[in-house]
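If you read the sequence shown in the working numbering, its first letter stands for residue 391, the second for the next number, and so on. Structure first, commentary second.
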Amino acid sequence: RSNRESCRKIWSRRPPIPPELVDRTVQIYNGKTPVRCKITEGKVGHKSGEFALARKRRKLPRTEGRGKGGKGRR
């Protein structure tokens, strides 16, 4: 199979991943862009949306001068 043919797009995040997709690469739509995902044995039966995160991870602001305990610099 060519690389283009083996990559399948999944637009719905709700259906579970079937066993016939094992060892294939799929693109799961996250609401903005398709996310490439390699299907393995452990992913079979899970919902397809679990592997295409729809939200960015938020980084917490780093505080200056945090040492061991205390309230920072005094």
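No residue lacks a Cβ here, since even glycine has one placed at the ideal position from N, Cα and C.
Asked                                                                                                                    : Found
Going by beta-carbon coordinates alone, are Arg414 and Ile429 separated by less than 7 Å?                                : yes
Give the range of the beta strand (DSSP E) segment to which Thr430 is assigned.                                          : Neither: Thr430 is in no beta strand (DSSP E) and is coded neither H nor E.
Tell me whether Ser402 is buried or exposed, calling it buried when 16 or more other Cβ atoms sit within 10 Å of its Cβ. : exposed
How far does the beta strand (DSSP E) with Ile400 in it extend, from its first residue to its last?                      : 398 to 400
Since Pro409 contacts Ser438 with CB under 8 Å, what's their CB separation in whole angstroms?                           : Actually they are not in contact, since the Cβ atoms of Pro409 and Ser438 sit about 13 Å apart, beyond 8 Å.
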